[in-house]
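Sequences listed follow chains L and H, in order.
Sequential numbering of the first sequence, starting at 60, is according to the numbering used here.
Sequential numbering of the second sequence, starting at 60, is according to the numbering used here.
A short worksheet on the structure shown next.
Number of protein chains: 2
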Amino acid sequence: MARNMLNRRERRLATVGTVRQMPFGNVVNRYTPIAIMSADEIESIHLASLRLLAEIGIEVLHEESRSLLKSAGAEVDASNLRVRFDPSMVEEKIRTAPSRFTLQARNPARNLTVGDGSLIFASTGGPAFVHDMDRGRRAGNYADMCDYIRVVHQLNVIHQEGGCPCEPTDLQPDSRHLDFYHAAIRLTDKNWQCWALGGYRVEDAIEMLSITLGQTREQLRENPATLTIINSNSPLRLDVPMGEGLCAMSRAGQPIALTPFTLSGAMSPVTIAGALTQQNAEALALITLAQVVSPGAPVLYGGFTSNVDMRTGSPAFGTPEYAKAQIASGQLARRYNIPFRSSNVTASNAVDVQAAYESGMSLWSTIMGGVSLIEHAAGWLEGGLTASFEKLILDAEMLQMMRSFLEPVRVDEDSLAVDTISEVGPGGHFFGTGHTLARFENAFYEPMLSDWRNFENWSESGARSGTDRANAIWKDLLRTYEQPPLDPGIDEALSEYVARRKEEIHPGRD
Amino acid sequence: MARNMLNRRERRLATVGTVRQMPFGNVVNRYTPIAIMSADEIESIHLASLRLLAEIGIEVLHEESRSLLKSAGAEVDASNLRVRFDPSMVEEKIRTAPSRFTLQARNPARNLTVGDGSLIFASTGGPAFVHDMDRGRRAGNYADMCDYIRVVHQLNVIHQEGGCPCEPTDLQPDSRHLDFYHAAIRLTDKNWQCWALGGYRVEDAIEMLSITLGQTREQLRENPATLTIINSNSPLRLDVPMGEGLCAMSRAGQPIALTPFTLSGAMSPVTIAGALTQQNAEALALITLAQVVSPGAPVLYGGFTSNVDMRTGSPAFGTPEYAKAQIASGQLARRYNIPFRSSNVTASNAVDVQAAYESGMSLWSTIMGGVSLIEHAAGWLEGGLTASFEKLILDAEMLQMMRSFLEPVRVDEDSLAVDTISEVGPGGHFFGTGHTLARFENAFYEPMLSDWRNFENWSESGARSGTDRANAIWKDLLRTYEQPPLDPGIDEALSEYVARRKEEIHPGRD
Numbered sequence: 060m061a062r063n064m065l066n067r068r069e070r071r072l073a074t075v076g077t078v079r080q081m082p083f084g085n086v087v088n089r090y091t092p093i094a095i096m097s098a099d100e101i102e103s104i105h106l107a108s109l110r111l112l113a114e115i116g117i118e119v120l121h122e123e124s125r126s127l128l129k130s131a132g133a134e135v136d137a138s139n140l141r142v143r144f145d146p147s148m149v150e151e152k153i154r155t156a157p158s159r160f161t162l163q164a165r166n167p168a169r170n171l172t173v174g175d176g177s178l179i180f181a182s183t184g185g186p187a188f189v190h191d192m193d194r195g196r197r198a199g200n201y202a203d204m205c206d207y208i209r210v211v212h213q214l215n216v217i218h219q220e221g222g223c224p225c226e227p228t229d230l231q232p233d234s235r236h237l238d239f240y241h242a243a244i245r246l247t248d249k250n251w252q253c254w255a256l257g258g259y260r261v262e263d264a265i266e267m268l269s270i271t272l273g274q275t276r277e278q279l280r281e282n283p284a285t286l287t288i289i290n291s292n293s294p295l296r297l298d299v300p301m302g303e304g305l306c307a308m309s310r311a312g313q314p315i316a317l318t319p320f321t322l323s324g325a326m327s328p329v330t331i332a333g334a335l336t337q338q339n340a341e342a343l344a345l346i347t348l349a350q351v352v353s354p355g356a357p358v359l360y361g362g363f364t365s366n367v368d369m370r371t372g373s374p375a376f377g378t379p380e381y382a383k384a385q386i387a388s389g390q391l392a393r394r395y396n397i398p399f400r401s402s403n404v405t406a407s408n409a410v411d412v413q414a415a416y417e418s419g420m421s422l423w424s425t426i427m428g429g430v431s432l433i434e435h436a437a438g439w440l441e442g443g444l445t446a447s448f449e450k451l452i453l454d455a456e457m458l459q460m461m462r463s464f465l466e467p468v469r470v471d472e473d474s475l476a477v478d479t480i481s482e483v484g485p486g487g488h489f490f491g492t493g494h495t496l497a498r499f500e501n502a503f504y505e506p507m508l509s510d511w512r513n514f515e516n517w518s519e520s521g522a523r524s525g526t527d528r529a530n531a532i533w534k535d536l537l538r539t540y541e542q543p544p545l546d547p548g549i550d551e552a553l554s555e556y557v558a559r560r561k562e563e564i565h566p567g568r569d
Numbered sequence: 060m061a062r063n064m065l066n067r068r069e070r071r072l073a074t075v076g077t078v079r080q081m082p083f084g085n086v087v088n089r090y091t092p093i094a095i096m097s098a099d100e101i102e103s104i105h106l107a108s109l110r111l112l113a114e115i116g117i118e119v120l121h122e123e124s125r126s127l128l129k130s131a132g133a134e135v136d137a138s139n140l141r142v143r144f145d146p147s148m149v150e151e152k153i154r155t156a157p158s159r160f161t162l163q164a165r166n167p168a169r170n171l172t173v174g175d176g177s178l179i180f181a182s183t184g185g186p187a188f189v190h191d192m193d194r195g196r197r198a199g200n201y202a203d204m205c206d207y208i209r210v211v212h213q214l215n216v217i218h219q220e221g222g223c224p225c226e227p228t229d230l231q232p233d234s235r236h237l238d239f240y241h242a243a244i245r246l247t248d249k250n251w252q253c254w255a256l257g258g259y260r261v262e263d264a265i266e267m268l269s270i271t272l273g274q275t276r277e278q279l280r281e282n283p284a285t286l287t288i289i290n291s292n293s294p295l296r297l298d299v300p301m302g303e304g305l306c307a308m309s310r311a312g313q314p315i316a317l318t319p320f321t322l323s324g325a326m327s328p329v330t331i332a333g334a335l336t337q338q339n340a341e342a343l344a345l346i347t348l349a350q351v352v353s354p355g356a357p358v359l360y361g362g363f364t365s366n367v368d369m370r371t372g373s374p375a376f377g378t379p380e381y382a383k384a385q386i387a388s389g390q391l392a393r394r395y396n397i398p399f400r401s402s403n404v405t406a407s408n409a410v411d412v413q414a415a416y417e418s419g420m421s422l423w424s425t426i427m428g429g430v431s432l433i434e435h436a437a438g439w440l441e442g443g444l445t446a447s448f449e450k451l452i453l454d455a456e457m458l459q460m461m462r463s464f465l466e467p468v469r470v471d472e473d474s475l476a477v478d479t480i481s482e483v484g485p486g487g488h489f490f491g492t493g494h495t496l497a498r499f500e501n502a503f504y505e506p507m508l509s510d511w512r513n514f515e516n517w518s519e520s521g522a523r524s525g526t527d528r529a530n531a532i533w534k535d536l537l538r539t540y541e542q543p544p545l546d547p548g549i550d551e552a553l554s555e556y557v558a559r560r561k562e563e564i565h566p567g568r569d
C-alpha cells in the first residue's frame, strides 16, 4: 500500500516540474482578524491624529499638492509650507477611497483583487544590494535584477513583482526605471509595481502599460495595471518627488500604498501608541491628498511602524513592537474601510534562524491582522538593504504555509469520519482505509523547502540546512525558467519607447 | 546624546549578567484567542466524539481503570476490554475538572498558575537523543541531561522543566526516573514534570516532593507540585503503564495533561476534522477517567494533532494543519472550560530556518489559540527525538518575543504623545526629546539572540549566524550557572530515598 501511494504521488508531482509548489491563485483570509486594541483605543489614536493634522499639520514641499489641498479647504501657511487639515475635511475626503479594487496583469489569469479579504504577496522592492550564498553580497545590478524577476515569475505563491528587486546601479540613474519596467514586462506576466520618485517615472510606467496591454489611458484608469508605494518623510513631511508621484498616480487612477516610515524612537515617538498616532496622521493626510487629486482614487493604508535599537540607533524589524503595530494598523485601516498594506521584514544580515523568526513574526501579525497587500513578502534581508535569493525561497515557503493555513478546515459528516474511526477501531491504523486512499494526495500541505525525512536519511543525503536547500531551489527555478510569450510587435514598440525616452532624458548618452 | 544613552544602557545591563534576558515572570494572554471554526463546527466535533465514545468506546488495557469506569456507569465488554461511555456520563464527569489550578515550585517565587489566561512555557521532555553544534548528536545520557537542566534553570523565560530533557540511557531503565527527579530537584528551583509510565514512578515523584517541600501527601494534594503528560495509544486505546500513571496522579491530586497522539493519516483520519474528533473522544475519555478516580482532579486538555507526510509516513510538525488543529483544540478546550496544553514542534533535523519557521507556526497558533501550557516550548528538534542545546536558545528567544508581544500597547494621553510630535515637528527627530529620554531604557523588546547591527559591523565581528550565536549563549549560561541552594539535610534525605528505592527495584545492583 505504501509503495502504491508513493507511485501515485510521484506521477502527480512529475507534472509540476522539478520544484513542487502550489499553483498561482487567489488567497482569501476568511478568519476574523486579530485585534490587540479596543475600539475606544483605536478611536483615541484616530482623534489624536486628527488633532495633529489640525494643529501641527504636514509640511508639503510639493507646490501642486499644496495648492490642491488649499483649494479643497485646507489651511496653507506659505511661510513654512505647512498644510493644516480640518478634521471634517479629512473625514469627508477619506470616505471616497474605495474599499476594493482590481489590478490587471498582462496575463489575465494573474489579475489581482485588492481588499475584500484578498491577500496579495509582492516580492521585495527597492534594495540597494543583492545577495546569494555562492557570490555573497554585491551592489544591485541589471543582470541580477533580471534573474531575480525570473525567479519571482517562477514562484507561484508570489502574486506581484514588488517594484524592482535591486537597484540596477550599473545603469543611468535617471533612466534606469525604463530598463526595469521593460524587464518586468518581458520577464514576467504578473502585475508589477512602478516607481513614484517623480512624476515622469509614473508617466513612463503608464505609457508602457498602455503599449503592453493595448489600452488607452482612460481604459487603464478604469482598470488599473500598476501600483506604487508612497512614503511620507516622517515626521510630518511630504517631499517634492513623492508629491509628484502621488499626484501622477492618482490622476491616472493607479493605486498607491501610502506608507509613513515611522520608526519608533527615531522618526516617531518612543511609545508605540505615539508612533501609530503619527503614522495615522501622515497616512490620513496622504489619503486625503489622493482623494483631492481624484475622488475615488484607489489607495491602501500603509503601516510600517517599527522601532530602533536604542543602543545603536539601528532599525529593528519583525520585533514584538512591529507585530503589535501591524495588528493595530490593520484595525485602523478597517476603521476607514481602506485596504491595508504591510510588510514581511527582518533585520538579520543572513538567511538564518533570525531571518526566519522575524519574518514569521511579520507574516503572522500582518496576515492575521487583516492585511491586503504584503510588500516585501519575499526576499527582503538586512532591514531592506539587500534582496537575497535564498531569502526569496525561504519566504515563498512561509507564504505557502500561511496560504495553506488560511484554507478553512472542512467540517461535515464526511470529514468528521466517525464511520472510518469505527472501521479502524482501537489499536489499528488509517493508512489503508478507503477514506484515506480517496484523499491522501491533496490532504496535507506539501512543502517546497522543508525536509521531513528522518535524521538518518537526511544525514545520508548530505545533512543540508534549509538555507542550503533554498540555494539549490532558486538555481533550479532559474535554470528551468522560460520567458512568458510577449507579442514581438509590442516588445519592439516598448524598445522604441524606451530608446526615445532615454534620448529625451539624457540626449546623446547610452 | 547617543553616547550618553549607550552608557546608561550598559550600566543597567551590566547588572543582569553576561546574557541579557527578561526576568522570570508570569505571562498572561489578554488578547481574544483566535478561532478558525464556528461554534456550530466545534459542536459537531463534540457530538461526533461523544458518538464515538458511546458506539465504539475505548480499549482500556488497565484493569483498575476499567473497573473504576464500570462503577461510574460506563459499559465494559470484558471480552475485548472495550469501555463505552454514555454521553451524559461524560458531560457530567468532565464538569468537575477545574478551570484553574496552581503548581508549587521549591522556590515559591517560581510557583505557577495554570489556566485563567496564564501561559506556562515548559522545556522539552522525553527526547532519546541530545545534540549541540560542537559534539553533534548522541544518545541521551546523565551528564548531558544535567547540563540541559542547568541551562533550563538559567533561562528566565522557561517556567517549568518539562519532564527530562533527554533519556539518561547510561543509567538503569527501571530506576533512572529517580536520578532524573533528584537532578531536577537539585539543579533547578523551578517546578518540574514527573514520569507517568507506571504508577511507581508517580509515587516516587510524590515521595521525593514530600521530602523536598517538607509537606505531607495531603498537603501536596491541596497544592500540587508536579505535572505529567498522559498519552492515549491512538486510536482509542489506553495501555497499562499510562492507566496506572493516570490513576496514581489523579489520586494524589497532581495535574495531568491528557494528550492523544493523533497523527492525521496514520493513527487518525486523514481529514483534520476527523483527527480532531478522535483526539476529542480520547481526551474526553481520559478526562472522564481522571474525574472518576478523583472528582476535581486537575487536568489539561491536550492537543497534539499533526499529520504525516503521505509519501514517507514521516510525522510532520509545525505545519499549516498542525496550526489549524491547535487553534481548533483551544476552541474545544474552552468549550469544556479546561486549560489547554499544546507544544512547540518541528520536524527539522538541524537548528536552521526550517526549525525556526515550524516553531514559529507552532508558537503563534498555540499562543493565539489560547494555550495554558506549552510543553516542549524550548529545545525540541527532529520531531521530538532530540533535545538540542542551540534550539533551546532559539526557542527561548522566540518565547521572549511572544511574551513581549502579549504585553498590551498602552494607549493614553501620555503614550499618544501628541505634544511630543508637536514639539519635534516636521522633519525633526525624536532621539533627544524628554519623552524619549524618560522611556527609552524599557521602551522596546531587547533580544537575547537577534543581532540588529548593520552588515558592516556584523561582518567585522565574524558574520556569525543566529545558530552560531545560540551556541555561544548556552555555553555562557552553563559556564555562569550556580546551583540554587538546597538544604543539605533535604538533599541527604533524598539521596537516602533514592538509594533505598534502587535497592528495592533491583536488589544488589548499582
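Glycine residues also receive a C-beta, built at the ideal position from the N, C-alpha and C atoms.
Note that this is a predicted model, so its numbers are computed, not measured.
Could you have a look at H:N396 and say whether DSSP puts it in helix, strand or coil?
coil
Sequence ranges, alpha helix (DSSP H) only - wholly within the segment 235–261 of chain L, length at least 4
235–246
Rounded C-alpha distance that separates L:E412 from H:G132
Rather than Glu, the amino acid found at residue 412 of chain L in this sequence is Val. L:V412 and H:G132: Cα-Cα distance of roughly 53 Å.
Under three-state DSSP, which class holds H:L345?
Judged by DSSP in its simplified three-state form, H:L345 adopts helix.
Quick check on this structure: which residue in L:R159, L:M148 and L:S124 has the alpha carbon closest to the alpha carbon of L:R393?
L:R159
H:W511 (DSSP reduced to helix, strand or coil)
coil
Interface flag, H:H488 vs chain L, CB-CB below 8 Å
yes
Does H:A198 come within less than 8 Å of chain L when only Cβ atoms are used?
no
Could you check how far apart the C-beta atoms of L:T287 and L:A255 are, in whole angstroms? I think they sit under 8 Å.
4 Å
Where H:V358 and H:V468 are concerned, what is the direct C-alpha to C-alpha distance, given to the nearest angstrom?
The alpha-carbon atoms of H:V358 and H:V468 are separated by roughly 33 Å.
Using a C-beta cutoff of 8 Å, does L:H494 count as contacting chain H?
yes
Figure out for me which residue from L:G257, L:N292 and L:R245 has the closest Cα to the Cα of L:L618.
Outside the modelled stretch of chain L, which goes from 60 to 569, sits residue 618 of chain L, for which no answer is possible.
Comparing alpha-carbon positions, which option in H:V119, H:D233, H:P485 and H:T275 lies nearest H:P566?
H:D233
When the Cα atoms are used, what is the spatial distance from H:S481 to L:L111?
Looking at the two C-alpha atoms, the distance is approximately 7 Å.
Checking contacts by CB at 8 Å: is H:D238 closer than that to chain L?
no
Determine whether the Cβ of L:T364 lies closer than 8 Å to any Cβ atom of chain H.
No - not a single Cβ of chain H is within 8 Å of the one on L:T364.
Kindly list the residues whose CB is nearer than 6 Å to the CB of L:V430, restricted to its own chain and excluding five residues on each side of it in sequence; keep chain order.
So the qualifying residues of the chain are F399 and S401.
Please classify H:R568 as buried or exposed, where buried requires at least 16 other C-beta atoms within 10 Å of its C-beta.
exposed
Nearest-angstrom Cβ-Cβ length linking H:A332 and L:S182, presumed shorter than 8 Å
So it is not a contact: roughly 35 Å between Cβ atoms.
Tell me, to the nearest whole angstrom, how far the beta carbon of H:P328 is from that of L:T371; I am working on the premise that it is less than 8 Å.
Incorrect: roughly 52 Å between the Cβ atoms, too far for contact.
Pull up the distance between the alpha-carbon of L:S108 and that of H:G487, whole angstroms please.
18 Å
Below 8 Å between beta carbons: does that hold for L:S418 and L:N403?
yes
Along the chain, which unbroken stretches of the alpha helix (DSSP H) at least 4 residues long are found entirely within the segment 422–498 of chain H?
448–464, 472–475, 477–483 and 493–496
What does a CB cutoff of less than 7 Å around L:E505 pick up in its chain, not counting 5 residues either side in sequence?
R79
By Cβ distance below 7 Å, which residues in the same chain neighbour H:P294 in space, the five residues on each side in sequence not counted?
M326, S327 and Q337
Checking contacts by CB at 8 Å: is H:R125 closer than that to chain L?
no
Taking L:Q163 as the query, report the chain H residues whose CB atoms sit under 7 Å from its CB, ordered along the chain.
Per Cβ cutoff of 7 Å: no residues; L:Q163 is ~30 Å from chain H at best.
Can you list, in chain order, the residues of its chain whose CB lies under 6 Å from that of H:R68, leaving out five sequence neighbours each side?
Because H:R68 carries a pLDDT of 40, less than 50, the predicted location of this residue cannot be relied on, and the following value inherits that uncertainty. Same-chain partners within the cutoff: there are none.
Closer than 8 Å to chain L by CB, H:M96
Closer than 8 Å: yes.
Endpoints, the alpha helix (DSSP H) within which L:R538 is located:
G525 to R538
Determine whether the Cβ of L:L508 lies closer than 8 Å to any Cβ atom of chain H.
yes
Do you know offhand how far L:A98's Cα is from L:G484's?
CA-to-CA, the gap between L:A98 and L:G484 works out to about 50 Å.
Among L:L120, L:F489, L:M96 and L:A164, which residue has its Cα nearest to the Cα of L:L545?
The shortest CA-to-CA distance from L:L545 to any of L:L120, L:F489, L:M96 and L:A164 is the one to L:A164.
Burial state of L:N88 (16 or more Cβ within 10 Å)
buried
N- and C-terminal bounds of the beta strand (DSSP E) containing L:V410:
Here L:V410 belongs to no beta strand (DSSP E), and DSSP marks it neither H nor E.
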